[in-house]
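Structure, as structure tokens:
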Amino acid sequence: MDKSWLLLLVALASWITLKIIGLGTWTWEASNQYGILLNLGWLTVISAMEAYNAIDQDSSFITRWKISARKALRYAVFLILTLGLWYYGVVPDAIEQRKEQQLELLASMTNDPVAFAQFIASNPALADRTSEEVYTQQAENLNVFFSPVFYLGTVAMAWVFASLIITAIFTWVWERVWIST
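Below, the structure written as structure tokens:
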């Protein structure tokens, strides 16, 4: 098995292990932060390793970047698939619970005249709306935000861009460190 495939599998297994450890004990925010940091670390390791391995392939930055980015993007794609399986297969109620929690916070804000007045003061575009109208609009926004298509699409966009940027940085750095010496 290729080292990059082995590293990819170890990275995904470590993310799943982290999620299992935190299941029911960590807050949503803490679990997401730890998961993001872990995956960002793995993405950095994979990008650095692949950019270093691409040094011997070609002297052109673009060619080396394409070679190394391909494997970093492979990690991003498998990560997105793993996230989808986790949140919509293993723990499908987690996102629904988070959405319900946010809807409860929204309801408490729109039902409290002082909190609603502060919200309107910070959002002057909504000044002409009633608390019911604001609740309805924001609840629709939350339903879209927590929908599988939007959630996984946002995650996909973030990890794909992170893969490309981190790999470009390492491709450029390794060129300066190894090729120019």
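Counting with numbering that gives the first Met the number 0, you get residues 0 to 180 for the letters of the sequence shown. Built from N, CA and C at the ideal position, the CB exists for glycine as well.
Spatial distance of residue i from residue j (CA atoms)
{"i": "residue 43", "j": "residue 166", "result": "8 Å"}
{"i": "residue 65", "j": "residue 80", "result": "22 Å"}
{"i": "residue 94", "j": "residue 8", "result": "25 Å"}
{"i": "residue 4", "j": "residue 91", "result": "28 Å"}
{"i": "residue 26", "j": "residue 171", "result": "38 Å"}
{"i": "residue 20", "j": "residue 6", "result": "21 Å"}
{"i": "residue 156", "j": "residue 150", "result": "10 Å"}
{"i": "residue 131", "j": "residue 107", "result": "12 Å"}
{"i": "residue 158", "j": "residue 87", "result": "18 Å"}
{"i": "residue 71", "j": "residue 30", "result": "23 Å"}
{"i": "residue 110", "j": "residue 100", "result": "15 Å"}
{"i": "residue 62", "j": "residue 12", "result": "30 Å"}
{"i": "residue 18", "j": "residue 127", "result": "43 Å"}
Heavy atom of the ligand SAH within 7 Å of residue i beta-carbon
{"i": "residue 5", "result": "Summarising the ligand content, the structure contains no ligands, and the ligand SAH is consequently not present."}
Buried versus exposed, by CB contacts within 10 Å (16 or more), residue i
{"i": "residue 120", "result": "exposed"}
{"i": "residue 24", "result": "exposed"}
{"i": "residue 175", "result": "exposed"}
{"i": "residue 41", "result": "buried"}
Query raised in the report: For the 8 Å Cβ check, are there 3 or more pairs between the stretch 26-43 and the stretch 133-148?
Result: no
Query raised in the report: Looking at C-beta atoms only, is the number of pairs between the stretch 153-169 and the stretch 66-74 that lie closer than 8 Å three or more?
Result: yes
Query raised in the report: Would you say the stretch 94-113 touches the stretch 138-157, given that touching needs at least three Cβ pairs under 8 Å?
Result: yes
Report task. Could you tell me which uninterrupted alpha helix (DSSP H) segments, each at least 4 residues in length, are contained entirely in the stretch 55-138, listed from first to last along the chain? Result -> 60-84, 91-110 and 112-121
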